[in-house]
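For the sequence shown, my numbering begins at 111 and goes up steadily by one. Using N, Cα and C, we set each Cβ at its ideal position, and we do this for glycine too. What you are looking at is a predicted structure, and each value in this text was computed from that prediction instead of being measured.
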Amino acid sequence: DWAGESATLTRLSCRYRHPDLVGAGLTFGGTVTAVTPAGGVDAVECERWVEDGEGNRTVTGGATLHVRRAQAAEPADPAEITLVTEELTAALRVGEEAGRFTYPITVADLDRYREAVGDPALGHEVAPPAYFGALDPVERRELQIDPTLDLVPYARTGGGNAFNEVEYERPLRAGDVITVVTSYTDVYERDGRAGRLLFRVRTNHLYDAQGALVARTRMGHVLAFDLGRRIA
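Dropping the structure here:
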């Protein structure tokens with residue numbers, strides 16, 4: 111709250127040093143330790159703590175916030191406005207590993223998927239090819255990227271999946287334990303009928319429990335922005 115609506119929390123850590131007892135009075139505090147300008151965003155480093163009634167720090171931690179600074183007036187020509195900034199590219203960590211997620215696959219998982227898409231082949235242990243897309247961590251809401259869009263200061267007018275591509279070495283089967291390694295590989299923009307279109311492309315590599323590559327998937331997501339409606 112103190113940082114305002116233009117702030118996005120990007121890192122949060124804590125260390126529990128001593129137990130806090132039920133009924134004890136606690137004081138929560140913090141201080142800004144560093145501010146690093148980066149284009150239109152300030153990276154604000156904070157130290158945080160909890161103190162008990164005797165002044166002992168029972169919990170310590172740190173946090174990083176990205177705070178968007180007030181922008182100068184945008185150029186009148188929308189062609190001079192770009193959505194793909196260095197700050198957005200850095201927040202998406204383009205070209206770096208964004209996370210690893212492990213999913214055991216069961217017949218029940220496959221049946222729920224088949225029921226959702228209208229596939230009558232219930233009970234089969236071999237997954238349909240489209241099931242590779244169901245192991246995408248962003249679609250499963252396990253890899254959160256929406257906070258990075260706070261770096262785009264324009265009203266959102268729509269969005270959705272742009273494309274899904276799958277290249278697999280073998281089918282998925284019930285009993286597989288799959289580790290998905292995700293990274294963003296590209297971010298670009300185009301003009302469209304709905305406004306300026308922002309594309310984010312991520313690649314997943316799927317490995318089995320023995321470390322063998324099972325598949326590669328490439329997912330594209332698009333969002334539309336109205337460049338005439340700037341938001342705070």
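Would residue i and residue j qualify as a contact pair, given that the criterion is a beta-carbon distance under 8 Å?
i: residue 191; j: residue 337; result: yes
i: residue 291; j: residue 214; result: no
i: residue 193; j: residue 121; result: no
i: residue 169; j: residue 126; result: yes
i: residue 282; j: residue 237; result: yes
i: residue 177; j: residue 113; result: yes
i: residue 240; j: residue 279; result: no
Straight-line CA distance for residue i to residue j?
i: residue 174; j: residue 262; result: 19 Å
i: residue 137; j: residue 128; result: 14 Å
i: residue 157; j: residue 340; result: 33 Å
i: residue 369; j: residue 152; result: What is shown of the chain runs 111 to 342, which leaves residue 369 out entirely.
i: residue 296; j: residue 164; result: 52 Å
i: residue 289; j: residue 198; result: 27 Å
i: residue 111; j: residue 260; result: 16 Å
i: residue 277; j: residue 188; result: 38 Å
i: residue 274; j: residue 310; result: 12 Å
i: residue 265; j: residue 304; result: 12 Å
i: residue 195; j: residue 124; result: 31 Å
i: residue 146; j: residue 229; result: 53 Å
i: residue 315; j: residue 231; result: 27 Å
i: residue 234; j: residue 172; result: 48 Å
i: residue 130; j: residue 200; result: 38 Å
i: residue 206; j: residue 132; result: 43 Å
i: residue 267; j: residue 335; result: 5 Å
i: residue 139; j: residue 250; result: 35 Å
i: residue 141; j: residue 227; result: 51 Å
i: residue 115; j: residue 225; result: 41 Å
i: residue 321; j: residue 162; result: 47 Å
i: residue 209; j: residue 254; result: 10 Å
i: residue 216; j: residue 301; result: 43 Å
State the CB to CB distance for the pair residue i and residue j, rounded to an integer number of angstroms; the pair is presumed to be in contact (CB under 8 Å).
i: residue 327; j: residue 246; result: 7 Å
i: residue 333; j: residue 269; result: 4 Å
i: residue 284; j: residue 220; result: 6 Å
i: residue 317; j: residue 204; result: Residue 317 to residue 204, Cβ: 22 Å. No contact.
i: residue 155; j: residue 211; result: That pair is no contact at about 28 Å.
i: residue 330; j: residue 272; result: 4 Å
What's the call for residue i, buried or exposed, on a 16-neighbour Cβ count within 10 Å?
i: residue 298; result: exposed
i: residue 134; result: exposed
i: residue 143; result: exposed
i: residue 248; result: buried
i: residue 308; result: buried
i: residue 118; result: buried
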